[in-house]
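Enquirer: What follows is a single structure, and I will ask about it in a moment.
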Amino acid sequence: MTKTDTPLISLNHIVTKVNTGTPNEVMILRHLDLDIYDGDFITVLGSNGAGKSTLFNTISGELPVDAGTISLKGQDITTMTVEKRTAFLARVFQDPKMGTAPRMTVAENLLLASQRGKRRTLRLRRLKQQLPHFKALTATMNNGLTERLNTATENLSGGQRQALSFLMATEQHPDLLLLDEHTAALDPKTSAELMHQTNQRVTEENLTCLMITHHLDDALKYGNRLIVLDQGQVKFDVRGAEKAELTKEKLLSFFDIIE
């Protein structure tokens, strides 16, 4: 983590509800506070219903905030639209089918990602000029994606498609990367390979990242910081040397306490 006293993203006393104004109204995030610093790689744990996906949907703007504020570099973005947030935020979902255009080729998807957050104008695609870069980029995944640049994304394997989603999300070096159980739908071998590449890219490029996972081993192995959500609040936040010393047994005992 970069040494700075100023958070990149701050969530202050966030309340997020679903089914607002109906008999089924439920408060998911309950006055949640979270500061995310430049260069943080945070693994996010929590039981079902703890608020993990709601946290991501709130940060990305998919869900409105009922109370509290969200700031980016000191600027209030609480009411900023989803579209405007794509200028600084990218997300990879659990489902490999999300995040890519199925009928577009791998190269066309990467070209689209290269324009994320930029002003759209009528101009030539310049796809051919970008192919050397796309070949080098896909080669980092070591999964045959380089040979499939002209293949429609819908014809890729699940692992290749998820690797493409990850490359698209990180192509423009977003201020914040949200990984929403991005390896959960993959087989163990493919999942491990994508996690290795994820860690390498996030670390080498000093990306600020939140990663939801149900795998305690991954939560302990990756990142400089680990948080546990429970009943819509951050109940456990450990980083640096303290995180490095954390064991699976200690983490499991903590879950026993909050459950």
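Counted from 1, the sequence shown has number 191 at position 123 by this note's numbering; the numbering is strictly sequential. Glycine included, every Cβ here is placed at the ideal spot set by N, Cα and C.
Taking Cβ positions, are glycine 300 and isoleucine 104 nearer each other than 8 Å?
Expert: No; because the gap between Cβ atoms is not below 8 Å, this pair is not in contact.
Enquirer: Residues in its own chain within less than 8 Å of alanine 175 by CB, not counting five upstream and five downstream?
Expert: Excluding positions up to five away in sequence, the list reads Leu195, Gln198, Leu199, Phe202, Leu217, Asn218.
Enquirer: Could you round the C-beta distance between leucine 235 and leucine 205 to whole angstroms and report it? I think they count as a contact, below 8 Å.
Expert: With a Cβ gap of about 6 Å, leucine 235 and leucine 205 count as contacting.
Enquirer: Spell out the partners DSSP gives serine 139 in its beta bridges.
Expert: In the DSSP output, where bridge partners are listed per residue, serine 139 has Ser78, Asp144.
Enquirer: From asparagine 87 to threonine 147, what does the alpha carbon distance come to, in whole angstroms?
Expert: The alpha-carbon atoms of asparagine 87 and threonine 147 are separated by roughly 19 Å.
Enquirer: Just the C-alpha distance for serine 182 and glycine 291, rounded to the nearest angstrom, thanks.
Expert: Each residue's Cα considered, the two are about 26 Å apart.
Enquirer: Considering only residues of the same chain and omitting the five flanking positions on each side of serine 233, which have a CB-CB separation below 6 Å?
Expert: Same-chain partners within the cutoff: Val160, Gly167, Thr168.
Enquirer: What residue does the beta strand (DSSP E) around leucine 102 start on, and which one ends it?
Expert: Where leucine 102 is concerned, the enclosing beta strand (DSSP E) stretches over 94 to 104.
Enquirer: Using only alpha-carbon positions, find the residue among Asp73, Val83, Asp305, Pro91 that is nearest to threonine 98.
Expert: Per the sequence presented here, residue 98 reads as arginine, with threonine not at that position. Considering only alpha carbons, the answer is Val83.
Enquirer: Would you kindly check if the distance between the Cβ of alanine 158 and the Cβ of proline 339 is under 8 Å?
Expert: The structure shown has nothing for residue 339, since the chain only spans 69 to 327.
Enquirer: Considering threonine 206, what are the terminal residues of the alpha helix (DSSP H) in which it resides?
Expert: Here the alpha helix (DSSP H) through threonine 206 covers 195 to 207.
Enquirer: Report, in whole angstroms, the separation of the C-beta atoms of proline 164 and glycine 226, which I expect to be a contact under 8 Å.
Expert: Contact flag correct, Cβ pair sits at about 5 Å.
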